[in-house]
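Okay, so here's the structure we're looking at.
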Amino acid sequence: MKQVVVHPERCVGCMQCMPACAAAHSRSKTLFGAVMEKPLPRPRVHVGVGLYGEGFPNRCRHCDPAPCQMACLPGAIYHSPETGTVLINPDRCINCASCAMACPFGVIRYHQDYMAAPGKTVAVKCDNCVGRQADGLIPACVEACMARALTFEESDKALKRKTDEMARRVSLGAEDRAPVESPGFNLLNAFKRAQLAVEERTY
Amino acid sequence: MRSVIIGNGVAGINAAEAVRSLDSEAEITIIAGESFPPYCRPMISMALEGTVSHDALAIRPPSFYDKLRIRALIGERAESIDLAKRAVITGGGTVVPFDKLLIATGADPRAARGERADLKNIFPMRTETHVKGMLDALKEVKHALVLGGGLVGFKAAHGLLARGIPVTMLIRSGYPLSMQVDRPAGEMILKELQARGLEVHVGVEVERFEGNGAVSGALLSDGSHRECQLVVVGKGVYPAVSFLPPEIEVDLGIVVDERLQTRVDGVYAAGDVAESFDVARQTRWVNAIWPVAAEQGRVAGMNMAGRPVSYRGSLSRNVIRIFGLDVMTAGLVNPPDEREYEVVSRIDPARKTYRKIVFRGDIPVGMVLVNDIEQGGVIMNMIHSRAALMGPRDRLLDRSFNVKQLML
Amino acid sequence: MAMDEKRFAAQTITEDGQLLLAKAERDQVETVWERHKAQQPHCGFCEMGLSCRICVMGPCRIDPFGEGPQRGVCGADADIIVARNLGRMIAAGAASHSDHGRDLVEVLLEVGEGKASGYKISDPAKLRSVAAEYGVASDGKPDLEIARELAYAMQEDYGTRKRGVQLLARAPKKRRELWEKIGVTPRGIDRETSEMMHRTHMGVDNDWVSLLLHSARNALSDGWGGSLIASEVSDILFGTPKPAQTSANIGVLKEDEVNIIVHGHNPIVSETILRATQSPEMQNLAREKGAKGINIVGVCCTGNELLMRHGIPMAGNHLTTELTLVTGAVEMMVVDYQCIMPSLGDVASCYHTKMISTSDKAHFPGMEHREFTALNAAEMGAQVVREAVENYPLRNPDKVYIPGKPITFMGGFSVEAIVEALGGSPDPLLDAIKAGKIRGAAGIVGCNNPKIKQDLGHTVLARRLIENDILVVDTGCAAVANAKAGLKSAGALEMAGPGLKEVCGALGIPPVLHFGSCVDNVRILILASALANALNVDISDLPIAGSAPEWYSEKAVAIGVYFVASGVYTVLGPTPPVTGSLNMVKMLTEGLNDVVGATFAVEPDPEKAALLIRRHIEGKRKALGLPSLTV
């Protein structure tokens, strides 16, 4: 079963996954249409800034067992095993925010949504684009990410890649293929960290 | 293996499900004091408010017991436990033998004090039956009286105010929810409710209720008089332990270890009746709230089924939306000793946001968030797992922070 | 709250800034720092220069990790995209400075034609000497005629007719020959900017080195063209700066006077306002309204212009501009163009402050527009000042907060002033350098940037350099930062190393010399040229360096490039958007040495930047055969 895998070291903070996600969860399914809709569609992935000014795409981990599911008072949150997705039923949701209190990653938001009853504020979070997947598409955030910080693959495959990368790094005489990195991005981040270190100094 | 569970609140239900998921052969019996299908107790105040229908309170269908092959003794209460015979005897005389026993009897509301507290339409707010009674009386109610500013009294007041009924609330501290919030947040909450028609009196009790059959007024200890056609009593709960034999140690609640087992082998306790280790306070405590009962029930059930699982400890926590304010709290909000604890906070009275985090060393042990609560769970989980914060503390005071700022 | 004070100390080293940030929070005024935080994380594609919006086949981005797209739709790779983006930044920066110069030349022309209202020739000697450089003979001619002819000649520099802008002649011969050899001699000021826009259009210049060379040329058309003209014409019209005592920081605002702040760049407006405030009629009106007088102060470069020529105090630099309004004590802020945040109108609306825009080129939300021209300047200035005075009674005393006392210091160092202070020739300075009492000189220039704690970069660098006997000259926001930090005041010599202390003490000058506004960066080039010519070497042989520790603007990119292209090693604090092309990075930090004899370095830590500069200076000393140290 394919899952969205996050590679935080690749995130350049461009936030393109966010409008792509919002557009994918709109009625019109296009960016231009989405911005005209009421209620305004909102992203379910949240790119924030890390400690060193780097970007990080914060999305639902679809935990199993899911703390939000266990905390949900009316039982609106449920697990779909076929896609490994934790979903919220907007009709059962009572907007009590117990799920926000339970979620260790802070990925749940509360707003109106065209899938919920009109005028009703409900809990909203990533749904793994199960609608798109059913149509043979990949999750919108993955499609938008040009830096390949979000990939859609079997988690085994992703883990194997990581293992191979590590192996190449630590072993001598390994295959010549260098791990995929960006010296330019590393350089930029090195400057940002150096800048931060200066800020922390007291004079 | 015969698993007997006393109580069909969320602790009992989760325990039953946990046992069944690990042991398909176990004989599970639930002694269910309430006849209504298993329901969400925190939601009853929303039924009072009218935002949720009574039927929506149920969190399991009536077929729940059959589906999981649970023998349910509906409407029965446990009267005593015979430890020698390892059996529970119900009020109806049924003897229920057990190999493993879970006491999840919850807590009972304290009754109102004052003369004539037996008049009609004076309710505690603990069960769906209580709320049904309130809803039946509602059309005659022009003014309500709420005793107590804790979670129950507060939610009742909020629900009634949302229905447009003016409320007089009698509280002991200067602001409501004094066990959950600190003074700045408490005062913001008080102001919000007062703007919606709440009248608050501090340090005043009811001397005498008045009425003909049903309550129509109350004489207060400061000499004043209040007309009221509905009284809600939120003066706290006490664990339902009266029927227990002395071998089962009871302190603030039934004393349990990290497997949720009592002093007696094979006898467990979970939920509002249990006293376990409080992670924030770092001492034994009873946190009689829904998520604690839910998690304890599940852990107790796993242990009963033979899977040794440690309970990480309880943590008081609460989230509530009150008209224009959202409040989320967890852990030790009012540190007892300023020297050992460090408080970081930021208030913006004009924007109505307030955030306070209590640290002990590098570990957060308590938090209060007024508005901008969406990411409160991140801090709450840090408190619950006792994760030390390595980065700058004031990041946590921002309305929104990326979890990557906390990565250690 | 203790937490909050620490929070503001994280944003600025200045005490007045911290206190005003606290007030801004109380008054619920949004500042540049909050907006900066809300923008985080910045898009890495853009930070690396890897995003391109030049055509609508795109917009495109290049994946720095090698897996996503590696070329734009047109086929441009990372090197080309980075080079094009850099080129356009320089074009914008050069255009800004040069347009500022153009406006001054137009005023000079109007003065020459007798039509300008309220402007005159203040330094006729300079008029004549600059005219001579342009081949305009002076003998027997009245000043106004010379002014006319000079203006026409300068306007020619802006066009397509020439092979090189006139004032290049001031650069050492070796430098000019180098520029000719590599093909970067700037031919016309507008021409180079226009050609840059052409080259960076899709499908024109697709060689990153070629683009970089034209970038150098475009920048030089600013440094030896537009900015130089701006600085010289300002001296002609308003006077060549002389050292004088002045003061800085928010304490220059007065509780009992009408406060007017001038913001922007061109002294065409600020000088007019200054004169209007001095009129007896306005002074009387102020007293009628209950004020003791009219207090005009500056922020940013136009403030620097008034400071250099008239000792007018400075209320703050770039990041302080919003905070000046937060004092609640400002009756009016008059702006022209460049570096003026569009948020100022919002901030002003929380107080009684009137915001006035003056240039058709620069309209802003929340500001009333009063178009200033050379012809109406005097009346417009008077009208505007009257409105400011009439606004005084509307000040709300409960909202007023002017923290702290101003710092007094010495400013006003034009090249002419320095040479005069040295006794008429640069020789004493050269002797001090040769002897090693002064190791060399460094220019600290540029802006503020919320990415860097305000003024931290400038002041730490300046301190380290003067501690090590390096004379510092500064301009722009950096100059204000160092002034506020006391580096130009009476006690500053104590912070300097023994050699610098001795020399500056003898000359009666501070160890950090306030050189003026950002167009006055050319004064640094002039001084460098004078020293190079005296020693018969090229600028790149001198023991000097430049630094922009907190830069933000496109103008700064142009300045940095014209410095390096003129042979001055320049250390930058914030990282420019070029890391997407390691070829470009290598060229800017190493390769340029072989091309122009100088390079850039990027170093966010001012302590390390100081070491880089010191090492560079000692290396140049050694190469010149002067006693040198190993750093």
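Chains as they are written, first to last, in this note's numbering: chain A, 17 to 219; chain B, 5 to 412; chain C, 16 to 646. In this text, a Cβ means the ideal position worked out from N, Cα and C, and glycines have one as well.
Burial state of M332(B) is buried, judged by a 10 Å Cβ sphere holding 16 or more other Cβ atoms.
Close to E70(A), with beta-carbon spacing below 7 Å, are these residues of chain C in chain order: P56. Minimum Cα-Cα distance from A76(B) among the listed residues A51(B), A20(B) and G163(B) corresponds to A20(B). Just so you know, the alpha carbons of P340(B) and F23(C) end up roughly 30 Å apart.
Bounds of the alpha helix (DSSP H) holding M104(C) are A93 to G127. In this structure, M217(C) and A263(C) do not form a Cβ contact; the two beta carbons are roughly 47 Å apart against a cut-off of 8 Å. Using beta-carbon distances, G380(B) counts as an interface residue toward chain A, with a partner under 7 Å. Judged by pairs of C-beta atoms under 8 Å, the segment 338-345 of chain C touches the segment 271-279 of chain C, as three or more such pairs exist. In the DSSP assignment, Q469(C) forms a beta bridge with T27(C).
Look at W48(C) here: in three-state DSSP terms it is helix.
Spatial neighbours of R359(B) in its own chain (CB-CB distance under 6 Å, excluding positions within 5 residues in sequence) are listed in chain order as R350, L373 and L401.
Residue range I309 to V314 is occupied by the beta strand (DSSP E) that includes N310(C). Along the segment 131-157 of chain A, there is no position whose C-beta sits under 8 Å from a C-beta of chain B. Counting C-beta pairs closer than 8 Å gives fewer than three between the segment 48-67 of chain C and the segment 442-459 of chain C, which falls short of the contact rule. Using a Cβ distance threshold of 7 Å, P258(C) and A494(C) do not count as a contacting pair.
Under a criterion of Cβ atoms nearer than 8 Å, no residue of chain C is adjacent to Y126(A); the nearest Cβ is some 20 Å distant. The bridge partners DSSP lists for L106(B) are I9(B) and Y272(B). Nearest to S132(C) by alpha-carbon distance, out of P139(C), A457(C) and E121(C), is E121(C). Under DSSP, Y219(A) shares a beta bridge with no residue. Contiguous beta strand (DSSP E) elements confined to the segment 22-50 of chain A do not occur, taking only those with 3 or more residues. The residue among R103(C), W566(C), V610(C) and G582(C) with its C-alpha nearest the C-alpha of P589(C) is W566(C). In chain order, V180, L182, L183, A186 and P201 place their CB closer than 7 Å to the CB of W239(C), counting only its own chain and leaving out the 5 sequence neighbours on each side. Residue pairing from DSSP places F615(C) in a beta bridge opposite T585(C). Listed along chain B, the residues sitting closer than 8 Å to R22(C) by beta-carbon distance are D398. The bridge partners DSSP lists for N322(B) are T333(B). According to the DSSP assignment, Y577(C) belongs to the alpha helix (DSSP H) that extends over E569 to A580. DSSP places H78(A) in the coil class of the three-state scheme, outside both helix and strand.
With contact defined as three or more Cβ pairs closer than 8 Å, the segment 59-77 of chain A and the segment 114-129 of chain A are in contact. In chain order, A354 and R355 make up the part of chain B whose C-beta sits under 8 Å from the C-beta of Q43(C). Note that the segment 26-44 of chain B does not touch the segment 43-59 of chain C; fewer than 3 beta-carbon pairs, one per stretch, sit closer than 8 Å. C157(A) and F253(C) have their alpha carbons spaced roughly 59 Å apart. The Cβ atoms of G531(C) and I485(C) lie no closer than 7 Å to each other. Between L476(C) and A625(C), the C-beta spacing is below 7 Å. For the segment 82-106 of chain C, the set of residues with a beta-carbon nearer than 7 Å to any beta-carbon of chain A comprises E82, G83 and P84, in chain order. For V61(A), there are no C-beta contacts with chain C under 8 Å, since the nearest C-beta of that chain is about 14 Å from it. Within 7 Å of the CB of R76(C), the CB atoms of chain A belong to M162, in sequence order along the chain.
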